[in-house]
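**Q** Okay, here's the structure, questions in a sec.
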Amino acid sequence: MGRGGEPPARPEGPARVPAGALVSIPDTKRARQRLIIELLGRTPVRSQGELAALLQEQGVTATASTVSRDLVELDAVRVRNPDGALVYAVPGEGGDRTPRAAQDSAASQQRLTRLLRELLVSAESSANLVVLRTPPGAAQFLASAIDHTGAVEVLGTIAGDDTVMMICRDPEGGATVAARLTELAELPTDTRSTSEGPA
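Throughout the sequence shown, residue numbering follows my numbering, covering 5 to 203 in sequence.
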C-alpha cells in the first residue's frame, strides 16, 4: 500500500507470460475466422454463444459482437441439418456457394488439399512417423484437416505451433504418407524429405 492507502502502482511494461504456459492459435482476425470455418464444418453450432464457447476451448477468446461480426463477414447462415436442427454454416468455395452444415469425405479431402498447398512447408518421415512443418500458428489447422479426412492409414496427429506429427498404422508407412502429402501440396522436389539415408 502507498502512504495514502492507495494500492501500489503496477510496473510499466508488457505483461509476462508464465513459464510453461501453452501458446495457442494467434488471436488474429484471419486465424480466428479460419478456425470458425473449421468448427462450423465439423460441429453443429446452434448459437453464437456455442460458437464462442468452442473458440474458447481452442484458446481463442472472442466477444459476442466479435463472433457476430465474423459470421457476417463469412456469409454464415443458419440451415437445417440432417437431424432437423438449425445450425450455422458457411458457403462452400469456388462456384458452389451453397451453405453446407456438414462435409462429406470428398469435401474434407478438398479442404486438406487446399490447406496443404497453403500451409505445408516440408515433410519428413521416419518409420511410422511423419513430421510436417507449417508457418507459425498454422499447425493446428492442418492437423484438424488431416483428422477430418478419416484416413485409415493414420492413427492420429499431434499439433504444436508450427509442427504436426502424424502417427501411421503401418510400422513403415511414414514415407508413403509423407510423399502423398507433399504431392498434394505441390511442393518442389528439393523441399521433400524422406526417411532414406544416403546411398
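In this text, a Cβ means the ideal position worked out from N, Cα and C, and glycines have one as well. Keep in mind the model is a prediction, meaning the values are calculated, not measured.
Give a yes or no on contact between the segment 131 to 149 and the segment 159 to 173, applying the rule of three or more CB pairs nearer than 8 Å.
**A** Taking 8 Å as the limit for Cβ pairs, the verdict is that the segment 159 to 173 does touch the segment 131 to 149.
**Q** Can you tell me which of the three DSSP states residue 93 falls into?
**A** In this structure, residue 93 counts as strand in the three-state DSSP scheme.
**Q** Residue 51: buried (16+ other C-beta within 10 angstroms of its C-beta) or exposed?
**A** With fewer than 16 other Cβ atoms within 10 Å, it is exposed.
**Q** What do you get for residue 69, buried or exposed, if any count of 16 or more other CB atoms within 10 angstroms of its CB means buried?
**A** Its Cβ having fewer than 16 others within 10 Å, residue 69 is exposed.
**Q** How is residue 128 classed by DSSP in three states: helix, strand or coil?
**A** Residue 128: strand per DSSP, three-state reduction.
**Q** Is DSSP giving residue 117 helix, strand or coil here?
**A** If DSSP states are grouped into helix, strand and coil, residue 117 belongs with the helices.
**Q** What number of angstroms, rounded off, separates the C-alpha of residue 149 from the C-alpha of residue 112?
**A** Approximately 7 Å, taken between the alpha carbons.
**Q** Near residue 58, which residues of its chain fall below 6 Å by C-beta distance, leaving aside the five closest residues on each side in sequence?
**A** Only 43 meet the Cβ criterion.
**Q** How would you label residue 159, buried or exposed, when you count the other beta carbons within 10 angstroms and need 16 or more for buried?
**A** That one is exposed.
**Q** Output needed for residue 98: all residues of its chain with C-beta closer than 6 Å, excluding positions within five of it in sequence on either side, in chain order.
**A** Unreliable placement is indicated for residue 98, whose pLDDT of 43 sits below 50; the coordinate value is still reported in the next sentence. Result list for residue 98: empty, nothing under 6 Å.
**Q** Using the Cα positions of residue 189 and residue 155, report the straight-line distance between them to the nearest angstrom.
**A** If you take the alpha carbons of residue 189 and residue 155, they lie about 17 Å apart.
**Q** Which residue or residues does DSSP assign as beta-bridge partners of residue 161?
**A** Paired residue(s): 170.
**Q** So the beta strand (DSSP E) residue 76 belongs to, where does it begin and stop?
**A** Per DSSP, residue 76 belongs to no beta strand (DSSP E); it is in the alpha helix (DSSP H), 68 to 77.
**Q** From which residue to which residue does the beta strand (DSSP E) around residue 46 run?
**A** Not the beta strand (DSSP E): residue 46 falls in the alpha helix (DSSP H), residues 33 to 46.
**Q** Is it buried or exposed for residue 142, if we count other Cβ within 10 angstroms and need 16 for buried?
**A** By the neighbour-count rule (16 or more Cβ atoms within 10 Å), residue 142 is buried.
**Q** Since residue 64 and residue 39 are thought to touch, with beta carbons under 8 Å apart, how far apart are those beta carbons, to the nearest angstrom?
**A** At roughly 6 Å, the Cβ-Cβ gap stays under 8 Å, so residue 64 and residue 39 are in contact.
**Q** Could you work out which residue in 47, 36, 129, 46 is closest to residue 175 when comparing CA atoms only?
**A** The shortest C-alpha separation from residue 175 is found at 129.
**Q** If you drop the 5 nearest sequence neighbours on each side, which residues of the same chain put their C-beta closer than 8 Å to that of residue 4?
**A** Here the chain has residues from 5 to 203 only, and residue 4 is not among them.
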